[in-house]
Amino acid sequence: MTLQVAPPAVGMSEDVRAGAERQSGWLVVAEQECRDLWTSGRGLVLLFLFSVLLSAVTYLTSTNQALNFLEQRESVNLVLQFAVAVGVLATLVVSADGISGERERGTLETLLVTPVPRRSIIADKLIAALSLWFATFLVSIPYVWVLARGVGILGQALALGLCVGTLVALGLGCIGLLISAVCNSNKTSIAASIFLLLILFAPTQLPSGLPQGWFFEVLLRANPVASGLAYISSMLVEGHSWTQDLSFLITPLLTAIIAGGALILAGPRLVRLTRGVNAG
Amino acid sequence: MRKLLLIGLLVGIFTVLPSPALAAAPLDAKVDAEPAQVSTVLGGRFKITTPITNTGARPSGEILAHLNVASIEGSVYVDPEDWSSNRSQQLSLQPGESRKLAWEIQAVNAGHFAAYVVVVPYGSNVVGNEGLVISPLVNIDVASRSTLSAGGALPVVITVPLLLGLAAAGTFFRARRRGSGR
Amino acid sequence: MTITVEAMQLTKQYGGRSAIEDVSFTASQGEIVGLLGPNGAGKTTTIRLLTTVLEPTSGEFSIAGHRSTAAPEIRRSIGVLPESSGYPSHQTGGEYLRYHGRLYGLSRSQARSASAELLASVGLAERSRSSISTYSRGMRQRLGIARALINDPVVVFLDEPTLGLDPAGQAQVLNIIRSIAKARDATVVLSTHVLPEVEEVCSKVVILNHGRVVASGSVGEVIKTALIEQSAQLRVPLDLVERARNVLAGFPDLTIDQAAGQPDVLILAVDRPGTGVAPGEVMNEVLAAITAAGIPVLRFELEGARLSDAFLKMTSEAVA
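Chains as they are written, first to last, in our numbering: chain A, 1 to 280; chain P, 1001 to 1182; chain D, 2001 to 2320.
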């Protein structure tokens, strides 16, 4: 079979060149990454497992005859904490795969030779990673609705979960991409990201009865995940007003700003064939 | 002899006369509470107000008003922090001045309860109950209600994983078909 | 002819080590330029510099009239098939091409039609809905070439496009490469160390060794530059060997030796190559004389007239 490439169809050259003249590629990478995540089934499997977990928690809560008002609020808080934990973990892992994964799979070079701006590549990968957080939050909505409708905190819980969770996911997603950019190995990138997340989650798992001195307070407030979850708890369980513990949101906000800023500023130097800012 | 008399006089003065550092002057204040009776359901939010009036001839200095909630029937454990997150308010009153304090409360347990406000001098050592002023009790009846049932949760508990599982299975099946080249 | 690729003293250093040094060459529209060199010569580095994947330490280049500082414009004008290019296994061939079309700014419908046309051109139309994970190596290379053409580029860079392919696959790819230059009037820069490919399709070659250009020009010019001694093995019937010697004695520039252990084979060598005597012409005259003398030629093998000979000589000289 003799194969020959024909000239492009009449007018196609002009169309292609004109198309290439336009600002090309914005959101195309995001669209494809989202399609890869969701149509391949990986994202849906995660959501399915997450929904099984939430179903178990919700069913156990609703069959508890001795459940009191506060325990129900704590159940709502627990569902939101699960949603943030799972959503942030998924976002972090996907973003940690963003650049180092493409390097390892050999697909980065074909992306680098397209006219898509480097910052656009990074932004689109972040958007795709964040889609996991938003999907996780969406799945948690019906469970929060079931648990919260009797205690009158549905709107507050959903607004809190969305705002705080998005802030935390954004910050950690940016950190995941930064880690990915400086690791040549995808395994190292993902392992480092998961380890970081475990460190950030650790303070939230300490027994509440432990004496909590200044060191714990610093540990809590310096930790974007722990402080974000603490803010949610303070409003949902302890009934604080939204301004009362606003200082808890400083770290998640700063994390998002600093990590996001680093990505924007160093983006073009990060998205390279080999790791590091000065490589290549 | 004169020395002994002088020493005895000084000891008597310091024994008889209470030191300002050792005992607080009694607080001349009056505290009311409104309403006297609240009926609500579990989770219900309400507000009580406590007008505090300095009935004395001197300024009150810094005083602290503190809200408490107690169960007056049954053996319900009450954690006041769960009922109200802001249970202390600091103020000072001039002679004759009156101020109305508001307290936001949410009924987190069912049963019969009483709320009251205690006003104490702030920053002094209070001995006995001379410095305490207590408001009348606000009777709170909280009716229980069922806010969650297994039957109500079942549709969500079953439907959401089912739909997601079917979607995941569908995409895997589709991916396998593409992978086999068909 | 319009010059579409111009590299001027390109240098790329990593720490104290030079990957390439002072590399300069040009390529014109419609030309197929072979970038040759042994492993580690700097071919891939050169291509990565010209395709803006890497930044040069010094030197400049221009692609399709765009200077090296205009990276986005260069990227819009080129198509690239990198060496060992990876493919997303869960995408179909059609999806993959449409995605890359959209990366170059094509609308969805434009990307769809360009993708369908290119897949048909490279013989993958029937497998456009199959997952890339089911493609053979040759199919993936063809898909990669199709992707390199999705934006109708002015210059196409192909890095080892026939690597790992069987002879049939290699032939298919070479046909495609020829048609790219001819039908689309695009410049093709073909990096390879498979010399027969270069002889078959390239109008110009650039030989790299240890990061430097050791020869450049047409295939004939490069062979001439190499000053290789040409020789030939001539086999005639055993009883006519003496007659053949007598005929060959009439060529003063020719030395004649007997092949060891083969009494019917004569080794002919052209003296003083590069002194105005074209060895190829001498050998032509030798053949003509032998056949004119009625001596059957059982075998005639020319050595030193191939690109591979020039290549080996140049790359080993550079090592020495």
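Yeah, the Cβ is synthetic: ideal placement off N, Cα and C, and Gly gets one too.
Item, Value
"Return the CA-CA distance between residue 2255 of chain D and residue 2085 of chain D, expressed in angstroms with no decimal places.", "50 angstroms"
"So for residue 955 of chain P, helix, strand or coil by DSSP?", "Look at the range of chain P in this structure, 1001 to 1182, and you will see that residue 955 of chain P is not part of it."
"For residue 105 of chain A, return the contacting residues in chain D, with the cut-off set at a CB-CB distance below 8 angstroms.", "2086 and 2088"
"Taking Cβ positions, are residue 1106 of chain P and residue 155 of chain A nearer each other than 9 angstroms?", "no"
"Which residues in chain D have a C-beta closer than 7 angstroms to the C-beta of residue 112 of chain A? List them in chain order.", "2053"
"For residue 239 of chain A, return the contacting residues in chain P, with the cut-off set at a CB-CB distance below 7 angstroms.", "1085 and 1106"
"Distance cutoff 9 angstroms, beta carbons only. Does residue 273 of chain A sit that close to anything in chain D?", "yes"
"Going by the beta-carbon positions, is the gap between residue 2315 of chain D and residue 2194 of chain D smaller than 9 angstroms?", "no"
"The beta strand (DSSP E) with residue 1139 of chain P in it runs from where to where?", "1138 to 1143"
"When burial is assigned at 16 or more other CB atoms within 10 Å of the CB, is residue 1021 of chain P buried or exposed?", "Annotation note: pLDDT 44 at residue 1021 of chain P (below 50); position unreliable, coordinate value reported separately. Result: exposed."
"Using the three-state DSSP reduction, which class does residue 149 of chain A fall into: helix, strand or coil?", "coil"
"Measure how close the beta-carbons of residue 203 of chain A and residue 169 of chain A come, nearest whole angstrom, since I'm counting them as under 8 angstroms.", "The pair is not a contact, with the Cβ atoms about 19 angstroms apart (cut-off 8 angstroms)."
"Please report how far the alpha carbon of residue 54 of chain A lies from the alpha carbon of residue 1151 of chain P, in whole angstroms.", "16 angstroms"
"At a Cβ threshold of 9 angstroms, is residue 1182 of chain P touching chain D?", "Note that residue 1182 of chain P has pLDDT 46, beneath the 50 cutoff, so the model's placement of it is unreliable and the number below is only indicative. Taking Cβ atoms only, chain D reaches closer than 9 angstroms to residue 1182 of chain P, which makes this a yes."
"Could you compute how far the alpha carbon of residue 105 of chain A sits from the alpha carbon of residue 2232 of chain D?", "49 angstroms"
"Label residue 1094 of chain P either buried or exposed according to how many other C-beta atoms from any shown protein chain fall within 10 Å of its C-beta, with 16 as the threshold for buried.", "exposed"
"So, with DSSP's three-state summary, where would you put residue 2042 of chain D?", "coil"
"Determine the burial state of residue 108 of chain A: buried for a count of at least 16 other Cβ atoms within 10 Å of its Cβ, exposed for fewer.", "buried"
"First and last residue of the alpha helix (DSSP H) that includes residue 235 of chain A?", "224 to 236"
"So, is the C-beta of residue 133 of chain A closer than 9 angstroms to a C-beta in chain P?", "no"
"Whose Cβ in chain P lies nearer than 8 angstroms to the Cβ of residue 165 of chain A?", "What residue 165 of chain A touches in chain P: nothing, since even the nearest Cβ is about 18 angstroms away."
"In whole angstroms, what is the alpha-carbon distance linking residue 1114 of chain P and residue 1055 of chain P?", "26 angstroms"
"Using the three-state DSSP reduction, which class does residue 2201 of chain D fall into: helix, strand or coil?", "helix"
"Can you tell me where the alpha helix (DSSP H) with residue 2139 of chain D in it begins and where it stops?", "2137 to 2148"
"Does DSSP put residue 142 of chain A in a helix, a strand or coil?", "helix"
"So the alpha helix (DSSP H) residue 2017 of chain D belongs to, where does it begin and stop?", "Not the alpha helix (DSSP H): residue 2017 of chain D falls in the beta strand (DSSP E), residues 2017 to 2028."
"For the region 25 to 44 of chain A, which residues have a CB atom closer than 8 angstroms to at least one CB atom of chain P, in sequence order?", "38, 39, 40, 41 and 44"
"Output the residue ranges of the alpha helix (DSSP H) runs that lie fully inside the region 2290 to 2320 of chain D and measure 4 residues or longer, sorted by chain position.", "2307 to 2319"
"Just to confirm before moving on: does the CB-CB distance between residue 282 of chain A and residue 1171 of chain P stay below 9 angstroms?", "Nothing can be reported for residue 282 of chain A, as the shown portion of chain A is limited to 1 through 280."
"Applying the 10 Å Cβ sphere with the 16-neighbour rule, what's the burial state of residue 2245 of chain D?", "exposed"
"Taking 6 angstroms as the limit between beta carbons, can you name the residues of its chain near residue 233 of chain A, skipping five residues before and five after?", "77"
"Write down the C-beta distance between residue 2011 of chain D and residue 2022 of chain D rounded to the nearest angstrom, noting that I regard them as a contact closer than 8 angstroms.", "6 angstroms"
"Just reading off the beta strand (DSSP E) that residue 2079 of chain D is part of, what are its end residues?", "2078 to 2081"
"Comparing the C-beta of residue 1175 of chain P with each C-beta of chain D, is any distance below 9 angstroms?", "yes"
"Compare the beta carbon distance of residue 1065 of chain P and residue 147 of chain A with 9 angstroms and say whether it is the shorter of the two.", "no"
"If I'm right that residue 2137 of chain D touches residue 2165 of chain D with Cβ under 8 angstroms, what's the distance once you round it to whole angstroms?", "6 angstroms"
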